[in-house]
Amino acid sequence: MSRLTAAEDRIVESARDILASQVMPRVRAWDGGQADSCAVLPAFGAAGLLGIQVPVAHGGLGLSFHCKRQVAEILAGADFGLAMSVVNTHNVAHHLANSATSDVARRYVPALLCGERVGCTALTEPGAGSDFSAITTVARHVGDEWQLDGGKAWIVNATHADVIVVYAQTEPGSGARGIAAFVVDGRRSGFVRQARADTAAAPGIGAGGFELQGYRAQADELLHPPGKAFKAALGSINGARTYVAAMCCGMVRECLRVASAYGAQRHTFGKPLHEHQGWRWSLADAAIDLEAARLMVDAAANVIDAGGDAQTAAAQAKVFATRMAGRHIAALMHAMGAEGLLGQHPFLRHLAAAQVATLTDGSTEMLLDRVARGLRSAE
Ligand SMILES: Cc1cc2nc3c(=O)[nH]c(=O)nc-3n(C[C@H](O)[C@H](O)[C@H](O)COP(=O)(O)OP(=O)(O)OC[C@H]3O[C@@H](n4cnc5c(N)ncnc54)[C@H](O)[C@@H]3O)c2cc1C
């Protein structure tokens, strides 16, 4: 595994501390849909965790992708929704620091870094998910401004985010070529938030949608012009695929820890579960696949930190890790017997989250295609 610097180790430690003191007491409430994870964002902001990769000149920590991925893995061990929520706000701050004009960056980045405002990135629409180039949210030039109309769905943090990177079509029918990206301010008129997505899967993720109804974006709020935005979206997605794979590792690690502890104290046929060979093999299987997934995550993260092309490495890591999580979280839950179904344990929550992970930032089928295209070009 790649080594973190001493400063990065401290950041990872602070994530563990916040988890223990602020997150663990609340995760059951998120699960019940009684609250969402934004209440703890300021604590993450104060520790610098919303700006791990954001350049120091913009108030961030300027640390590596490896560090962010490590934090994402730890957070997901507690709650995948929280991990996605934190990392998506982080990503909007990072995106604006790198791509927005200095005025726009000054307007939003500091508030995102301290957790006062929440960010999200909106590509998906009710009618277009995997086929991103088919989006129909339209951006029209009106004088010096842009008018945005359309709807977005299934967006992390959409239940409460108000600094939003929106992808929209400037030339209907032109596909990827006409797509541009804008910063949308959820506090302005023309932004209409919709209800939380009605699903029990990872409620802490705050997934939902919104409508843009005659929303006006100023000229400097165009983040990527037509012709550049599609490529920009794909450029950052390898990092997302890699940290989602890391999050799957975090969930399996936590389930393994809980099952192993239970196996030491639960007795059947006169001895602890651990002493039944047939029982402990399921834990060994999970441990082996977890290690393999972590090595794949590491390989992808190495390429990202070196500024290389991580398309194949990230796709491979995400396909392997999401499948590994679905299979082993279910098996580890089974190894707990009926006890595994109790809400005090993470199994059902993490199992549903592992399914979410197969869809976000590229579904399994899209990633298999990505890997297959890599094979063709390597011929
Ligand atoms: C909780 C959650 C959070 C999300 N957060 C965000 C977010 O923050 N921002 C954002 O923009 N999006 C987000 N998404 C959306 C996510 O990216 C999409 O769900 C994903 O791209 C798949 O799109 P879809 O659900 O519309 O499925 P569809 O595109 O309708 O596909 C349905 C199924 O068919 C498969 N399929 C589609 N086309 C093919 C093909 N050519 N060959 C083989 N199989 C195919 C897919 O893999 C999938 O299994 C989120 C989704 C969820 C569930």
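Counting the sequence shown from 1 gives a position; my numbering is that position plus 2. Glycine residues also receive a C-beta, built at the ideal position from the N, C-alpha and C atoms.
query	result
Contact set, ligand 1 heavy atom to C-beta under 5 Å	Leu125, Thr126, Gly131, Ser132, Trp156, Ile157, Val158, Ala209, Val358, Leu361, Thr362, Ser365 and Glu367
Through-space distance from Gln318 to Met2, alpha-carbon basis	Here the chain has residues from 3 to 381 only, and residue 2 is not among them.
Residue from Pro227, Glu223, Arg198 and Gly211 with nearest C-alpha to Gln171	Pro227
Proximity to Val185 [Cα-Cα], best of Gln149, Val73, Ala49 and Gly208	Gln149
8 Å contact criterion, which Gly208 and Ser87 should meet: CB distance rounded	6 Å
Distance, Gly145 Cα to Leu51 Cα	40 Å
Euclidean distance between Cα positions of Val56 and Gly241	14 Å
Any 3 or more C-beta pairs closer than 8 Å across the stretch 151-159 and the stretch 99-107	no
Distance, Arg71 Cα to Thr388 Cα	For the chain, the structure presents residues 3 to 381; residue 388 sits outside this window and is missing.
Buried versus exposed, by CB contacts within 10 Å (16 or more), Ser39	buried
Assumed close pair Met326, Ala74 - CB separation to whole angstroms, cut-off 8 Å	Going by Cβ atoms, the distance from Met326 to Ala74 rounds to 16 Å, so no, they are not a contact pair.
Cβ neighbours of Leu115 in the same chain (closer than 7 Å, five flanking residues each side left out)	Gly47, Leu52, Gly53, Val56, Gly61, Gly62 and Ala95
Nearest-angstrom Cα separation, counted from Gln346 out to Ala356	18 Å
With 16 other Cβ atoms within 10 Å as the buried cut-off, status of Arg296	buried
N-terminal and C-terminal residue of the alpha helix (DSSP H) that Gln220 is part of	It is not in any alpha helix (DSSP H) - Gln220 carries neither H nor E in the DSSP assignment.
Cβ neighbour criterion (16 or more within 10 Å) applied to Val165	buried
Check whether Thr314 and Val260 have beta carbons under 7 Å apart	no
Contact belief for Cys69 with Val25 at Cβ below 8 Å, rounded distance in angstroms	Going by Cβ atoms, the distance from Cys69 to Val25 rounds to 19 Å, so no, they are not a contact pair.
Sufficient close CB pairs (3 or more, under 8 Å) joining the stretch 323-342 to the stretch 278-298	yes
Spatial neighbours of Tyr110 in its chain, beta-carbon cut-off 6 Å, leaving aside the 5 residues before and after	Leu98 and Val165
Distance CB(Asn159)-CB(Val120) smaller than 7 Å	yes
Option nearest Gly252 by Cα separation, candidates Asp81, Ala107, Gly206 and Thr7	Asp81
Terminal residues of the beta strand (DSSP E) in which Asp151 lies	Glu147 to Ile157
Other residues of its chain near Asp85: CB distance less than 6 Å, five sequence neighbours each side excluded	Per the sequence shown, the amino acid found at residue 85 is Ala instead of Asp. Cβ neighbours of Ala85 beyond the five flanking positions: Ala74, Leu77, Ala78 and Met249.
Coil, strand or helix - Ile54 by DSSP	coil
Supposed contact pair Asp222 and Asp105 - C-beta distance, whole angstroms, cut 8 Å	6 Å
Opposing strand residues paired with Asp187 [DSSP bridges]	Val165
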